[in-house]
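Chemist: Submitted below is the structure of interest, expressed as structure tokens.
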Amino acid sequence: MNDRQIRVLVVDDHPVLRDGVAAALGNHSDMVMVGEARNGREAIELFRALRPDVTLMDLQMPGMNGVEAIAAIRSDDPGARIIVLTTYMGDAQVMRALKAGAVGYLLKSGLRTELIDAIRDVHRGQRHVQRDVANEIATHVVDEPLTEREIAILRLVASGQANKQVASKLGLSEETVKGHLKNIFTKLDVADRTHAVTVAARRGIIEL
Numbered sequence: 001m002n003d004r005q006i007r008v009l010v011v012d013d014h015p016v017l018r019d020g021v022a023a024a025l026g027n028h029s030d031m032v033m034v035g036e037a038r039n040g041r042e043a044i045e046l047f048r049a050l051r052p053d054v055t056l057m058d059l060q061m062p063g064m065n066g067v068e069a070i071a072a073i074r075s076d077d078p079g080a081r082i083i084v085l086t087t088y089m090g091d092a093q094v095m096r097a098l099k100a101g102a103v104g105y106l107l108k109s110g111l112r113t114e115l116i117d118a119i120r121d122v123h124r125g126q127r128h129v130q131r132d133v134a135n136e137i138a139t140h141v142v143d144e145p146l147t148e149r150e151i152a153i154l155r156l157v158a159s160g161q162a163n164k165q166v167a168s169k170l171g172l173s174e175e176t177v178k179g180h181l182k183n184i185f186t187k188l189d190v191a192d193r194t195h196a197v198t199v200a201a202r203r204g205i206i207e208l
């Protein structure tokens, strides 16, 4: 390793993915993988110990997830340059990661084609959001977001709760729950509960 190399920390709970990133970086003399973490908590510890130039962060991991780890790292070091590397492209999920402090967002399908350029861009202080992801954000940018109450209701619906059970758990009347569901259907442009859950999960509004 030399002083001019971009030092990269990789955070993902799948060793095959970490090995794949290491192999990709190994083909480029201007970057090197300096550490690997399996979850958000390990990521925070290793970031503090290694102070990498760029961190690649998965979102769905056991224990502390990627968004929480991004927020914690950026709180510790506001200049941290973090790229999300994930299989999820839902616009709500992307926006949570970017608001937490990520400056790049890549899908794992783009690992071979875009990873190296993304690392170089982010190291130079630029943002790098994969085009497919940017298009997904643009598609929903004018949509009215779901309220916290609506998301709470949708999570209970996704777990198989009937309206009466949802109402009981949230201290609402059944009619109020029905009213919220009607608003949810309108905002998500769906006609029923099942479709609402499917769309919300795909967009990263809820997790199944």
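UniProt numbering puts the first residue of the sequence shown at 1, with every later residue one more than the last.
Quick reminder that beta carbons are idealized off the backbone N, C-alpha and C, glycines included.
Predicted, not measured: the structure shown is a model, and the values here were computed from it.
#1: State the Cα-Cα distance for the pair V103 and I119, rounded to the nearest angstrom.
#2: With distances taken between CB atoms, is the gap from L181 to A196 smaller than 9 Å?
#3: Just reading off the alpha helix (DSSP H) that E175 is part of, what are its end residues?
#4: Pick helix, strand or coil for R7, following the three-state DSSP scheme.
#5: Quick check: what's the CA-CA separation for L146 versus E114?
#6: So within the stretch 98-176, which uninterrupted beta strand (DSSP E) runs reach at least 3 residues, ignoring any that extend past its ends?
#7: To which residues does DSSP link M95 through a beta bridge?
#8: With DSSP as the reference, label E68 as helix, strand or coil.
#9: Indicate the three-state DSSP secondary structure (helix, strand or coil) for R191 in the structure shown.
Modeler: Reading from the atomic positions:
#1: 10 Å
#2: yes
#3: 174-188
#4: strand
#5: 32 Å
#6: 104-107
#7: DSSP lists no partner for M95.
#8: helix
#9: Strictly speaking, residue 191 in this sequence is Ala, with Arg absent from that position. In this structure, A191 counts as coil in the three-state DSSP scheme.
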